[in-house]
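Engineer: Just so it is clear: in the sequence shown, position 280 is 280 by our numbering, and no numbers are missing. All C-beta atoms in this analysis are idealised placements derived from N, C-alpha and C, irrespective of residue type, glycine included.
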Amino acid sequence: MISFRQFLQTAFQHGPYTTDDVIAAVLPLFYDVQALHDEGKVAPFGEESAIMATARTLRLNAEAAHPPLEAPEKVEALFNGHNPHFEVIDKVRLPEGQAAETLRVHADTGKPLRHAAYIPGYRSYEMLLEHHDEQTDIFVLGLVLAGMALGLDLHDPETLPALAVQRERPLLHRPLHPALGTLITEMTELERSHRTRDLREAIHRLEHYRDFDPEKQTDLAQVAGWVTHDRSEKQQIILHKLRNRLFDTSRRNRLLFYKPNARFANLTFGSVPMVLHHQSIRPELLFTWNSDIAEKVVAMGDLALNKYLRFEDHPYLPAVLNKIRLEAQRDIQEFGFSQLKLVAAFLKWHNLAEDPQESIHSPLLLLPVELKKKKQTGGDQYVLSVTDNNAEVNPVLANRLRELFGIELPDSVDLEEMSPETFC
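(1) Touch check for the region 53-73 and the region 25-33: three-plus C-beta pairs under 8 Å?
(2) Restricting to Cα atoms, I'd like to know which of ARG192, ALA149, TYR125 is closest to PHE12.
(3) Which same chain residues, not among the five before or five after PHE423, have their C-beta less than 6 Å away from its C-beta?
(4) Specify the secondary structure class of MET425 as computed by DSSP and reduced to three states.
(5) Compare the C-alpha of SER124 against each of VAL386, PHE139, PRO363 and name the closest.
(6) Suppose the cutoff is 8 Å on Cβ atoms and the five residues either side in sequence are ignored; what does the same chain contact list for GLU130 look like?
(7) Would you say LEU27 faces chain C, with C-beta separation under 8 Å as the test?
(8) Suppose only complete runs of 3+ residues qualify. What are the beta strand (DSSP E) ranges in the region 361-417, listed by chain order?
(9) Mind checking which residues open and close the alpha helix (DSSP H) that includes ALA35?
(10) In the structure shown, what three-state DSSP assignment does VAL297 receive?
(11) If you reduce the DSSP assignment to three classes, tell me which class VAL275 lands in.
(12) Say whether the region 269-284 touches the region 298-317, bearing in mind that this needs 3 or more beta-carbon pairs closer than 8 Å, one atom from each stretch.
(13) In the DSSP assignment, find the beta strand (DSSP E) that holds HIS350 and state where it starts and stops.
(14) According to DSSP, is GLN357 helix, strand or coil?
(15) Using the Cβ count rule (16 or more neighbours within 10 Å means buried), how would you classify LEU352?
(16) Answer with buried or exposed for LEU152, where buried requires no fewer than 16 other C-beta atoms within 10 angstroms of its C-beta.
(17) Quick one: residues in its chain with C-beta nearer than 6 Å to the C-beta of ARG5, no 5 flanking neighbours on either side, listed in chain order?
(18) Checking 8 Å against the spacing of the C-beta atoms, do ALA391 and VAL320 come in under that value?
(19) Between the C-alpha atoms of MET127 and GLY46, what's the straight-line distance to the nearest angstrom?
(20) Give me whichever residues DSSP pairs with SER437 in a beta bridge.
(21) Which parts of the region 167-194 are runs of the alpha helix (DSSP H), unbroken and 4 residues or longer, counting only runs that do not cross its ends?
(22) Taking all protein chains shown into account, do 16 or more other C-beta atoms lie within 10 angstroms of the C-beta of HIS277, making it buried, or fewer, making it exposed?
(23) What residues in its chain sit with their C-beta under 8 Å from that of GLU370, if we drop five residues either side in the sequence?
(24) Where DSSP assigns a beta bridge to LEU58, which residues make up the other side?
(25) DSSP three-state call for LEU8: helix, strand or coil?
(26) Could you tell me whether the Cβ atoms of PHE7 and ALA43 are closer together than 8 Å?
(27) What are the start and end residues of the beta strand (DSSP E) that includes ASP302?
(28) Using three-state DSSP, classify TYR118 as helix, strand or coil.
(29) In this structure, what does DSSP give as the bridge partners for PHE45?
(30) Can you tell me which of the three DSSP states HIS14 falls into?
(31) Excluding five sequence neighbours on each side, which residues of the same chain lie with their C-beta closer than 7 Å to the C-beta of ALA398?
(32) Over what stretch of residues does the alpha helix (DSSP H) that includes HIS204 continue unbroken?
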């Protein structure tokens, strides 16, 4: 083990680190700091021996770990400009081609800060004010992450202007994965309220960086008319963007791309008897939206599935129904509610923007139900109880249609007032 400063002297002599190299190097350090936070302590950053290194990884020397130090009023004063004990930071010359502005960078002159700034070494300006909490550690870890990813030794004051510029858009300076670039920007924010709040979340993002979807990242400055929107309109735009992130529109989501499997029971198919002549099939005994089933659904009654399902022709049905029933019971025990739904109507549609030829089959109307099994001598009886006749419009499908075609669907349909035929 050697000190981090010694490690950096030769770390980049063979070229910049790749995304996987950076993550493999910093994750053990992140784990060590999180373990301290779980104990109610913070890392001894600022000490020369706080970060140690092997040939490939960084670790924390936690011998000098200590409880958090609180001086929030001093930190806040930096941003309000009311602290008389701090002097003005000199303007730093920007690299050629960059827009002229004052960077909050502090050369190691021994002078105290008047504004929040990047200071030499892997430490935070907050520590100069005797304020050191979990957010401070996240900032320092962000500096370590940025230094490793951008090839900067932040012990050298001359590298601080490069940090201040490159941390804003790391991908312009290094061929990194977008997930890593985004995390660098968030963790190294001088303004604490804009900084990553949860170290555990940062660790998760590093561990699963390949799941990062850059298409879900939105630069609000690029939204048309953002500057002229009033506060309420901006809030609506942000809420709309956040709501869209809740929906998984990948092919894994069966609420959008329905494919039959063992998690679903097709009651209509299971009610079709295996006969030589289709004329022998009695339509009223098929599990479709007929008058008998519609009446019981609207009245929130019980549907005796044995009346419709052909267990002798579809011997797999009992096993599937039992699996679904037990899974619904586990949901109630673990989460307090059941996710079991009866699909009263499907929508067959085409995504004209991506693949006009593909036919997509999506659940449209969802009814909350309970599935019960009654043991009888003649065979198990399955009963489906409708708990609400207010059918939910599939929210994933509704959001997708809104995004693609501007189609606005209601959140729900009251089946007492409108039948599925009328809605569809």
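Structural biologist: Based on what the coordinates show:
(1) With the cut-off at 8 Å, the region 53-73 and the region 25-33 touch.
(2) By 1-based counting over the sequence shown, the position of residue 12 is 12. The shortest C-alpha separation from PHE12 is found at ALA149.
(3) The residue given as residue 423 occupies position 423 in the sequence shown. The answer, listed in chain order, is VAL413.
(4) The shown model of the chain, from 1 to 424, leaves out residue 425, and the question about it has no answer.
(5) Taking the sequence shown and counting its residues from 1, one reaches residue 124 at position 124. Nearest to SER124 by C-alpha distance, out of VAL386, PHE139, PRO363, is PHE139.
(6) As a working note, residue 130 is residue 130 in the sequence shown. Leaving aside the five residues that flank GLU130 on each side, the residues in its chain whose CB is nearer than 8 Å to its CB run, in chain order, LEU69, ALA71, LYS74.
(7) Going by chain labels, chain C is absent from the structure shown, which holds only one protein chain.
(8) Runs of the beta strand (DSSP E) inside the region 361-417: 381-386, 390-393, 412-414.
(9) By one-based count along the sequence shown, residue 35 stands at place 35. Residues 19-38.
(10) Translated into the one-based positions of the sequence shown, residue 297 becomes position 297. Helix, per DSSP.
(11) By 1-based counting over the sequence shown, the position of residue 275 is 275. Assigned with DSSP and collapsed to three states, VAL275 falls in coil, not helix or strand.
(12) The answer is yes - the region 298-317 touches the region 269-284, with three or more Cβ pairs under 8 Å.
(13) Translated into the one-based positions of the sequence shown, residue 350 becomes position 350. Element bounds for HIS350: 341-351.
(14) Position 357 of the sequence shown, counting from 1, holds the residue named residue 357. In the three-state reduction of the DSSP assignment, GLN357 falls in the strand class.
(15) Within the sequence shown, numbered from 1, the residue matching residue 352 stands at position 352. So LEU352 counts as exposed.
(16) Translated into the one-based positions of the sequence shown, residue 152 becomes position 152. Counting the other CB atoms within 10 Å of its CB gives LEU152 a total of 16 or more, which places it among the buried residues.
(17) For the purposes of this step, residue 5 is identified with residue 5 of the sequence shown, where counting begins at 1. The answer, listed in chain order, is HIS155.
(18) Mapped onto the sequence shown, residue 391 falls at position 391. Mapped onto the sequence shown, residue 320 falls at position 320. One thing to note: ALA391 has its Cβ no nearer than 8 Å to the Cβ of VAL320.
(19) For this step, residue 127 is matched to residue 127 along the sequence shown. For this step, residue 46 is matched to residue 46 along the sequence shown. Inter-residue distance for MET127 and GLY46 is about 8 Å (C-alpha atoms, whole angstroms).
(20) The question about residue 437 has no answer, for the chain in this structure spans 1 to 424.
(21) Every alpha helix (DSSP H) of 4 residues or more that sits fully in the region 167-194 is shown, in chain order, as 178-187.
(22) Along the sequence shown, read from residue 1 onward, the residue named residue 277 stands at position 277. Classification for HIS277: exposed.
(23) Translated into positions along the sequence shown, residue 370 becomes position 370. ALA328, SER338, LEU340, LEU384, SER385, THR387.
(24) As a working note, residue 58 is residue 58 in the sequence shown. Looking at the DSSP assignment, LEU58 forms a beta bridge with ALA53.
(25) Within the sequence shown, the letter at position 8 stands for residue 8. Three-state DSSP puts LEU8 in a helix.
(26) In the sequence shown, residue 7 corresponds to position 7, counting from 1. In the sequence shown, residue 43 corresponds to position 43, counting from 1. In this structure, ALA43 does not lie closer than 8 Å to PHE7 by Cβ.
(27) Translated into the one-based positions of the sequence shown, residue 302 becomes position 302. Start and end: 302-304.
(28) Within the sequence shown, the letter at position 118 stands for residue 118. Shown here, TYR118 sits in a strand according to DSSP, grouped into three states.
(29) Residue 45 sits at position 45 when you count from the first residue of the sequence shown. DSSP output for PHE45 lists GLU47 as bridge partner(s).
(30) To locate residue 14, count along the sequence shown from 1; it is residue 14. In this structure, HIS14 counts as coil in the three-state DSSP scheme.
(31) Here residue 398 refers to the residue found at position 398 of the sequence shown. The beta carbon of ALA398 sits closer than 7 Å to the beta carbons of LEU409 from its chain, once the five residues preceding and following it are set aside; these are given in chain order.
(32) Within the sequence shown, residue 204 is the residue found at index 204, counting from 1. Annotation for HIS204: the continuous alpha helix (DSSP H) segment containing it runs 199-207.
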